[in-house]
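J.: So that we are looking at the same thing, I have put the structure below in C-alpha cells.
What follows is the structure, given as C-alpha cells:
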C-alpha cells in the first residue's frame, strides 16, 4: 500500500513537470516559431478551457467539494484577483513572443522578491532579515543575465517583469482578500470562479487589440488544421498544470511543491538545451542561471 502511494505521488510530480514544461514550450512555439501572434486570444483559450474543465472536475467528477460564492463582496474580491491573474498570464504570453523561454523563466525566479515587496507595502509584514538577504543573489543573477542575454528585447523584458510582479501581487491579494474562514476557497474552486471572469475581461480586449483574430484563426485552420489541435491541446494542458499543481500540494505539501519548482528550472534548462529553443549557450550564461536557481527557493 505504501509503495502504491509512493508511485502515485511520483506519477503526480512527473505529470506536473511534464505539463509545466510542455505548456511553456508550446506557448513559445505558437507565439514565436509558428507565427500565431495573438497572446490575448491564446490566454482566452486557456481560460475557457479552465472554466469548462474545472466545472467537469468539480461538478461531475467530484474531485473536490464545490464551494459557493456567499456574497457580492466575495464575488468582487474574486473578480479583482481574476483581473490581476489575467494581467499576469497575458503579459507572460506576450513576453514569449520576444524572449527565449529560458530567459523568461530566469526572470520568473524573481517572484519571491516581488512577493516580499508587495507583502511589506500592503500589509507592512516584515520577513526575517535572512529572507531578504537570500533574495539579493536572485535579483543580481537576473540583472547580470539580462546584460549578457544575446536575445534581450526591452518590451519583452518589461512584459515578463510585469507578469512576474502580477503573479506575486495575486498571491498577496489572495491572502488579504480571502483571509476569513467563510471566504477561503481551495485552488480548484478558486480557478472555477476566476477563469470565466477572466474570459469576460479578455473577450473585449481580444476583439479590440487583436482585430479579426477569430477570422484569421479560421483561415489558418483551413490552410493547416494542426493549428486547431495545437490550440485545443495547449488549452487543455494549461488546465492540467493547475490541476496537477493542486494535486501535488494535496498529496505532499506546499514545501514539496516549492522544491519541485526549484528542480523544475534545472530540468527545464536541460530540456531547452536539447531543442531549438536553447539560447543559454555559454558557460557564463549557464553559471548565472545556476546561481539564480540555487538561491530562488532558499
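Numbering (the UniProt record's numbering), first residue to last: 1 to 298. Quick reminder that beta carbons are idealized off the backbone N, C-alpha and C, glycines included. Everything numeric in this text was worked out from a predicted model, so none of it was measured.
In angstroms, rounded to a whole number, what distance separates the CA positions of residue 240 and residue 121?
T.: 33 Å
J.: Below 8 Å, how does it come out for the region 203-218 and the region 96-116: are there three or more Cβ pairs, yes or no?
T.: no
J.: Could you spell out where the alpha helix (DSSP H) holding residue 46 opens and where it closes?
T.: 39-55
J.: By a C-beta neighbour count over all protein chains shown, 10 Å radius and 16 as the cutoff for buried, is residue 14 buried or exposed?
T.: exposed
J.: For residue 209, which three-state DSSP category applies?
T.: helix
J.: Less than 8 Å between the CB atoms is what I'm expecting for residue 189 and residue 66, so what's the real figure, rounded?
T.: 7 Å
J.: Is residue 91 a contact residue of the ligand NAD, with contact defined as CB to any heavy atom under 7 Å?
T.: For the structure depicted, the ligand NAD is absent and the ligand set is empty, with no information on it obtainable.
J.: Here's the rule: buried if 16 or more other CB atoms are within 10 angstroms of the residue's CB, otherwise exposed. What is residue 288?
T.: Residue placement at residue 288 is poorly supported in this model, since its pLDDT is 43, which falls under 50; the coordinates are not used for a value here.
J.: Report yes if the C-beta distance between residue 50 and residue 166 is below 8 Å; otherwise report no.
T.: No.
J.: By DSSP, does residue 17 sit in helix, in strand, or in coil?
T.: helix
J.: Which runs of the alpha helix (DSSP H) at least 4 residues long sit entirely within the region 94-177? Give them in chain order.
T.: 101-108, 111-123, 129-148 and 154-177
J.: Taking buried to mean at least 16 other C-beta atoms within 10 Å of its own C-beta, is residue 97 buried or exposed?
T.: Classification of residue 97: buried, given that the 10 Å Cβ count is 16 or more.
J.: Hey, residue 118 and residue 172 are a contact pair by Cβ (cut 8 Å); roughly how many whole angstroms apart?
T.: 4 Å
J.: Excluding the 5 residues preceding and the 5 following residue 206 in the sequence, name in chain order all residues of the same chain whose CB lies nearer than 7 Å to its CB.
T.: 40, 41, 44 and 213
J.: Kindly list the residues whose CB is nearer than 7 Å to the CB of residue 195, restricted to its own chain and excluding five residues on each side of it in sequence; keep chain order.
T.: 47, 50, 51 and 54
J.: Give the C-beta separation of residue 242 and residue 27 to the nearest angstrom, bearing in mind that I take them to be a contact with Cβ-Cβ under 8 Å.
T.: Residue 242 to residue 27, Cβ: 15 Å. No contact.
J.: When we look at the beta-carbon of residue 31 and count the other beta-carbons within 10 Å, is it buried (16 or more) or exposed?
T.: Under this definition residue 31 is a buried residue.
J.: If you draw a straight line from the alpha carbon of residue 89 to that of residue 163, how long is it in whole angstroms?
T.: 7 Å
J.: Quick check on this structure: which residue in 198, 210, 191 and 199 has the alpha carbon closest to the alpha carbon of residue 56?
T.: 191
J.: For residue 196, name the three-state secondary structure that DSSP assigns.
T.: helix
J.: Pull up the CB-CB distance for residue 139 and residue 113, whole angstroms please, since I reckon it's below 8 Å.
T.: 6 Å
J.: Shortest alpha-carbon distance to residue 248 belongs to which of 63, 6 and 12?
T.: 12
J.: Of the residues 9, 25 and 75, which one's Cα is nearest the Cα of residue 182?
T.: 75
J.: When the Cα of residue 25 is compared with those of 244, 245, 230 and 246, which residue comes out closest?
T.: 230
J.: In the structure shown, what three-state DSSP assignment does residue 76 receive?
T.: Reduced to three states, the DSSP call for residue 76 is helix.
J.: With residue 58 and residue 69 assumed to form a contact (beta carbons below 8 Å), what rounded beta-carbon distance in angstroms separates them?
T.: Contact flag wrong, Cβ pair sits at about 14 Å.
J.: By how many angstroms is the C-alpha of residue 204 removed from the C-alpha of residue 161?
T.: 24 Å
J.: Can you tell which of 18, 93 and 29 has the C-alpha that lies nearest to the C-alpha of residue 226?
T.: 29
J.: Given that a residue counts as buried once 16 or more other Cβ atoms are within 10 Å of its Cβ, and exposed if not, what is residue 255?
T.: Confidence is the limiting factor: at residue 255 the pLDDT is only 42, short of 50, which leaves the residue's position unreliable and the question unanswerable from this model.
J.: Our contact map puts residue 245 next to residue 64 with C-beta atoms below 8 Å; I'd like the distance itself, whole angstroms only.
T.: Actually they do not touch by this definition, with Cβ atoms about 13 Å apart.
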